[in-house]
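Below is one structure, written out as C-alpha cells; comments come after it.
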Amino acid sequence: SDVMSNLEPDEQVAILEELPGHLTQRVMNSINREDQKQLRKLLGYPEESSGRLMTTRYVKVKSNWTVSKSMEHIRKYGETAETINVIYVVDDTEHLIDDLRITHLILADPEDQINSLMDRSFEAL
Numbered sequence: 407s408d409v410m411s412n413l414e415p416d417e418q419v420a421i422l423e424e425l426p427g428h429l430t431q432r433v434m435n436s437i438n439r440e441d442q443k444q445l446r447k448l449l450g451y452p453e454e455s456s457g458r459l460m461t462t463r464y465v466k467v468k469s470n471w472t473v474s475k476s477m478e479h480i481r482k483y484g485e486t487a488e489t490i491n492v493i494y495v496v497d498d499t500e501h502l503i504d505d506l507r508i509t510h511l512i513l514a515d516p517e518d519q520i521n522s523l524m525d526r527s528f529e530a531l
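In the numbering used here, the protein residues as written are 407 to 531.
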C-alpha cells in the first residue's frame with residue numbers, strides 16, 4: 407500500500423489491471439477508503455477510454471474568481487495536484503468550460519477576473 411500511495415491514480419489503475427483478481431482485492435483492501443473510491447470510479451470506465459486514463463488530481467478555479475483568489479487557491483491545493491501547468495476553469499455548476507496555462511495567470515493582473523483571460527477554445531471530451 408505504501409508503493410501504491412506514492413503513485414498517481416491512473417498509474418494505480420494500470421497496476422491493478424495487471425494483477426490477478428485475488429491480489430487486486432488485497433491491494434484494494436490495504437489502501438484508504440477515499441483512494442478506493444477514486445480507483446473504483448476510474449476502473450468503472452472502459453479500458454483505453456479517456457475516463458480510465460485521466461487524472462483526478464488537478465486544480466480547478468471558478469470563472470468568476472479574480473486572478474488573486476485563483477492563485478491563493480492554486481497555492482493551497484496545487485501541491486496535491488498531478489500537474490499545475492494547466493488550470494481548469496469551471497462555471498458555478500462545476501461544468502468544465504476552459505483551461506488556462508499557469509503562466510497566463512502568473513503574468514495577469516491580480517484583479518482581472520478569470521473569465522476575462524479565457525479564450526473559450528477548450529473542448530471537453
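Note that CB positions come from ideal geometry on N, CA and C, so glycine has one too.
Bear in mind that the values here come from a model prediction, so they are computed numbers and not experimental data.
Any C-beta of chain D under 8 Å from that of residue i
{"i": "G427", "result": "As a matter of chain content, chain D is missing from the structure shown, which is built from one protein chain."}
Cross-strand partners of residue i (DSSP beta bridge)
{"i": "Q519", "result": "T472"}
Collapsed DSSP secondary structure at residue i in the structure displayed
{"i": "M434", "result": "helix"}
{"i": "M410", "result": "helix"}
{"i": "D441", "result": "helix"}
{"i": "L425", "result": "coil"}
{"i": "D416", "result": "helix"}
{"i": "R526", "result": "coil"}
Residues near residue i by beta carbon distance below 7 Å, same chain, minus five either side
{"i": "K475", "result": "none"}
{"i": "L523", "result": "L506, H510 and A514"}
Check whether residue i and residue j have beta carbons under 8 Å apart
{"i": "L449", "j": "D416", "result": "no"}
{"i": "I520", "j": "S436", "result": "no"}
{"i": "I490", "j": "D505", "result": "no"}
{"i": "E440", "j": "R463", "result": "no"}
Residues near residue i in its chain [Cβ-Cβ closer than 8 Å; skip 5 each side]
{"i": "E517", "result": "T472, V473 and S474"}
{"i": "L445", "result": "P415, Q418, V419, L422, M434 and I437"}
{"i": "V496", "result": "K466, V467, K468, S469, L502 and I503"}
Residues of its chain near residue i, where Cβ-Cβ distance is below 6 Å and the 5 sequence neighbours each way are ignored
{"i": "E500", "result": "none"}
Worksheet item: Unbroken alpha helix (DSSP H) runs of length 4 or more, entirely within the segment 451-513: which are they?
Response: Taking only runs of at least 4 residues, the alpha helix (DSSP H) segments lying wholly in the segment 451-513 are 456-459, 473-483 and 508-513.
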